[in-house]
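First residue of the sequence shown: 2, per our numbering; consecutive thereafter.
Each residue gets a CB set at the ideal place from its N, CA and C atoms; glycine is no exception.
First the structure, in the form of structure tokens, and then the observations on it.
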Amino acid sequence: MPKDLNNLVEIREINGGDFSPIVSALDSGKTLLWAVKRGDLVNQALAEGRVELLNANCELKEEAANCGTCGCGEPADALVYLWRD
């Protein structure tokens, strides 16, 4: 499915590294707005337009200080869209 901003789920915090809410939302055809910390892996995924681990496309929405908590436990500094084709 293409990126669908009318079918959007926001995930601003990952509790204890549990990515199941992300996988579940992607499996059900949702587009996600995910708060992340821009490090090497996130920058690589954005450059490629894919998060292979989640089998999903990705795109930067915006950089935003303290917009959530990344799965690594650090403050998030970017919001990215995730969706599957």
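- Taking a cut-off of 8 angstroms for Cβ pairs, the stretch 32-45 and the stretch 73-80 touch, as three or more such pairs fall below it.
- With respect to the C-alpha of residue 86, the residue from 15, 21, 55 having the closest C-alpha is 55.
- Per DSSP, residue 47 is one residue of the alpha helix (DSSP H) stretching across 41-49.
- DSSP places residue 55 in no alpha helix (DSSP H); its state is neither H nor E.
- Distance between residue 42 and residue 49, taken at the CA atoms: about 11 angstroms.
- Per DSSP, residue 15 lies in no beta strand (DSSP E) and is assigned neither H nor E.
- The beta carbon of residue 26 is closer than 6 angstroms to those of 10, 33 in its chain, skipping five residues each way along the sequence.
- By the Cβ neighbour-count rule, residue 83 is buried, with 16 or more other Cβ atoms within 10 Å of its own.
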